[in-house]
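So the sequence shown is numbered by the UniProt record's numbering: it starts at 1 and just counts up by one.
All C-beta atoms in this analysis are idealised placements derived from N, C-alpha and C, irrespective of residue type, glycine included.
Notes to accompany the following structure.
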Amino acid sequence: MWSNLILLHSTDPIVQPLDDSRLEVWQTCQRSLVFTDKRIFPIETSDRFLNGWEVYHGFDAYRFLLEVVSGLRSKLFGESEIQAQFRDRFREENTCGSNFAVSLLRLRDQILEHTKQIRSKYLTGIGRQTYGSITESYLQNHNEVTLLGTGKLVDSILPYLVSKQKQIRLIGRNQNRLEELKNSFPIKTFHWEDYKPGNEAIVIASSFLPFNWDEMIHSASLILDFREQSPKNHGYRHYIPLTQILNDLSDTDEQIQNVKMDLQYYLTELTREREEEQIHIMNGWEDLLV
1 MWSNLILLHS TDPIVQPLDD SRLEVWQTCQ RSLVFTDKRI FPIETSDRFL NGWEVYHGFD
61 AYRFLLEVVS GLRSKLFGES EIQAQFRDRF REENTCGSNF AVSLLRLRDQ ILEHTKQIRS
121 KYLTGIGRQT YGSITESYLQ NHNEVTLLGT GKLVDSILPY LVSKQKQIRL IGRNQNRLEE
181 LKNSFPIKTF HWEDYKPGNE AIVIASSFLP FNWDEMIHSA SLILDFREQS PKNHGYRHYI
241 PLTQILNDLS DTDEQIQNVK MDLQYYLTEL TREREEEQIH IMNGWEDLLV
């Protein structure tokens with residue numbers, strides 16, 4: 001059904017943005033994805049890159065998207081938050097302005113159906129599969145927590161910390177997001193310039209830290225850092241970077257490697273099913289709205 005699907009992908013936060021009514025954009029904390037159809041946004045099948053974006057065509061695009069939504073392309077293998085983010089981004093009210101909204105909703109439903117099959121068949125019991133549960137595991141002995149950032153990663157972490165009745169301070173620069181999260185959770189919120197950290201535990205869930213904040217958090221009892229790039233020669237007392245977080249999950253590596261091998265065959269089978277449907281639907285996105 002998806003022979004005309006085109007998917008653009010990038011993990012580069014400074015990649016050239018694409019602003020076009022023929023495109024539908026989805027951004028996560030790890031990547032950006034752009035959806036379109038080759039009949040309204042023609043790209044040659046031989047083209048694998050466009051202005052710094054990776055390009056996936058047809059059923060390769062479907063398979064890649066399925067791997068992303070299933071958490072198979074995440075740094076935390078099999079993490080489950082990405083599925084909810086995909087579902088929420090492509091709710092009907094969020095795609096009503098698209099030229100191919102009906103097809104996107106059908107794509108969403110099929111991807112979610114296959115993701116559910118993958119998770120139930122292969123990903124049940126693969127260690128801790130959420131950033132929130134991992135964060136909470138490091139903070140069991142810390143009651144006061146300062147969370148830096150207001151992005152999608154914070155949405156994953158906050159519910160776990162709140163459920164453990166932590167005293168949480170959320171620091172950010174986006175006033176609307178601060179208000180939104182304050183209305184949803186029993187937390188205190190501050191702008192960067194209005195808060196001075198003490199000896200509480202600090203979770204860095206933002207790629208942005210204001211000037212001098214690296215120095216201000218030296219007295220923290222624990223620093224849990226989810227940034228891609230860790231500071232060199234930081235001198236923090238108790239510091240856990242993202243690399244260590246991922247290494248701490250190595251007890252499930254052997255199980256994960258076995259699952260990955262089985263998944264390759266299963267993903268091929270699921271994609272083949274979509275290709276077989278194409279025999280009966282010659283135009284691919286047969287309900288494309290132009």
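- Between Leu139 and Ala220, the C-beta spacing is not below 7 Å.
- Partner residues in the beta bridge of Glu24, as assigned by DSSP, are Phe35.
- Between the region 105 to 119 and the region 47 to 55 there are fewer than three inter-stretch CB-CB distances shorter than 8 Å, so the stretches are not counted as touching.
- Met261 and Cys29 have their C-alpha atoms roughly 27 Å apart.
- If the five residues before and after Arg87 are omitted, its C-beta is found closer than 8 Å to the C-beta atoms of Arg108 and Leu112, all from its own chain and listed in chain order.
- Secondary structure remark: continuous alpha helix (DSSP H) runs of at least 4 residues inside the region 33 to 79, in chain order: 58 to 69.
- With a beta-carbon spacing of about 6 Å, Tyr131 and Ile157 fall inside the 8 Å limit used to define contacts.
- Per DSSP, Val15 lies in no beta strand (DSSP E) segment and is marked neither H nor E.
- Excluding its 5 nearest sequence neighbours in each direction, Tyr239 has C-beta neighbours in its own chain below 6 Å: Ile223, listed in chain order.
- Look at Arg89 here: in three-state DSSP terms it is helix.
- The Cβ atoms of Leu66 and His114 lie closer than 7 Å to each other.
- At the C-beta level, Tyr56 and Leu7 come within 7 Å of one another.
- Per DSSP, the beta bridge partners of Thr189 are Leu170.
- For Ile256, the closest C-alpha among the options Leu72, Leu242 and Leu270 is that of Leu72.
- In the DSSP assignment, His238 is bridged to no other residue.
- The C-beta distance from Arg227 to Leu242 rounds to 6 Å, short enough to fall under 8 Å.
- Put simply, the backbone Cα of Gln264 is about 16 Å away from that of Ser74.
- The C-beta of Asn4 has 16 or more other C-beta atoms within 10 Å across all chains shown, which makes the residue buried.
- Of Thr146, Glu92 and Glu81, the smallest CA-CA separation from Lys116 is found for Glu81.
- Secondary structure note for Ala201: its beta strand (DSSP E) is the uninterrupted segment Ala201 to Ile204.
- In the DSSP annotation of this structure, the continuous segment of the alpha helix (DSSP H) that includes Ile157 starts and ends at Lys152 to Ser163.
- Each of Gln27, Ile217 and Tyr195 was checked against the Cα of Ile204, and the nearest Cα belongs to Ile217.
- Selection Arg274, Ser206 and Arg237 evaluated against Asn199 yields Arg237 as nearest (Cα-Cα).
- Rounded to whole angstroms, the gap between the alpha carbons of Leu178 and Glu54 is 34 Å.
- Between Arg274 and Trp26, the C-beta gap is not smaller than 7 Å, which leaves the two residues out of contact.
- The closest CA to that of Arg63, considering only Gly78, Gln110 and Ile187, is found on Gln110.
- Note that the C-beta distance between Leu170 and Leu147 is below 7 Å.
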